[in-house]
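J.: Line order of the protein sequences matches chains P and X.
In this text, residue positions in the first sequence follow the working numbering: the first is 1022, and each later residue adds one.
In this text, residue positions in the second sequence follow the working numbering: the first is 987, and each later residue adds one.
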Amino acid sequence: GENVEQHPSTLSVQEGDSAVIKCTYSDSASNYFPWYKQELGKGPQLIIDIRSNVGEKKDQRIAVTLNKTAKHFSLHITETQPEDSAVYFCAARRTFGNEKLTFGTGTRLTIIP
Amino acid sequence: NAGVMQNPRHLVRRRGQEARLRCSPMKGHSHVYWYRQLPEEGLKFMVYLQKENIIDESGMPKERFSAEFPKEGPSILRIQQVVRGDSAAYFCASSPPGLAGDSGELFFGEGSRLTVL
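#1: With H, G and I counted as helix, E and B as strand and the rest as coil, what does DSSP make of residue 937 of chain X?
#2: Quick check: is the beta carbon of residue 981 of chain X nearer than 8 Å to any beta carbon in chain P?
#3: Leaving out five residues before and five after residue 1121 of chain P in sequence, what residues of the same chain have Cβ atoms less than 7 Å from its Cβ?
#4: Can you give the Cα-Cα distance for residue 1012 of chain X and residue 1079 of chain X, rounded to whole angstroms?
#5: Apart from the five residues just before and just after residue 1002 of chain X, which ones in its own chain have a Cβ nearer than 6 Å to its Cβ?
#6: Alpha carbon to alpha carbon, how far is residue 1031 of chain X from residue 1047 of chain X?
#7: Given residue 1103 of chain P, which residues of its chain have a CB within under 8 Å of its CB, disregarding the five upstream and five downstream residues?
#8: Can you have a look at residue 1052 of chain P and say buried or exposed, based on whether 16 or more other CB atoms are within 10 angstroms of its CB?
#9: Relative to chain X, which residues along the stretch 1036-1068 of chain P have a C-beta separation below 9 Å, given in chain order?
#10: Please classify residue 996 of chain X as buried or exposed, where buried requires at least 16 neighbouring CB atoms within 10 angstroms.
#11: Which parts of the stretch 1012-1047 of chain X are runs of the beta strand (DSSP E), unbroken and 3 residues or longer, counting only runs that do not cross its ends?
Structural data, given as structure tokens:
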């Protein structure tokens, strides 16, 4: 089955700086890669996703890049703000039917004011 | 359009009791997934169900755990004879029916936090 590894497990950045979280996956058939943000006491919420026919996708301060050859993808947050503090999860899945998402172990991002 | 509804949000059980967690998917969604999250850990897949069918239960412990998604009513995750190690947050997610190649985004509920004394 799919195995997703995520680094780093914790990340502290100064407000206004950029944050980068990296993930690798094992199943070459995976072709959908979402990122979820989980705030304390809440459920995960999708913030951005990318499919394997795209190398990069951007939404305001958030961007995701995908390297299918190397089987890794990254989340980039620019101009970080205090409200970006949360736990971020990457995930991977095949999309032939509604198959399960396999999640990384999470990154606790802290923005230092 | 209400999101994924989970109840109870918090549940306390003593060792040996049963825990029942409920999940109502978003309107129009026919796929339900259950995930478990231990403190300071990631989301571990447990089971994937469609109406009246278990599609993938590869993440479910072999004993004491069961799940159903009946034709009418919410999906239920049932844990019998709970032990302290079952203490965790249990998240339900739903997705709409999808065509091959569709992303099938998962929408998560707020979770049910089980504490076993």
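Think of the CB as a built atom: it goes at the ideal place given N, C-alpha and C, for glycine as much as any other residue.
T.: So, from the data block:
#1: Since the displayed chain X opens at 987 and closes at 1103, residue 937 of chain X lies outside it and no answer follows.
#2: What the structure shows of chain X is the stretch from 987 to 1103, and residue 981 of chain X is not part of that stretch, so it cannot be assessed.
#3: 1114
#4: 9 Å
#5: 1067
#6: 11 Å
#7: 1036, 1132 and 1134
#8: buried
#9: 1052, 1053, 1055, 1057, 1059, 1062, 1063, 1064, 1065, 1066 and 1067
#10: exposed
#11: 1017-1023, 1029-1036 and 1039-1042
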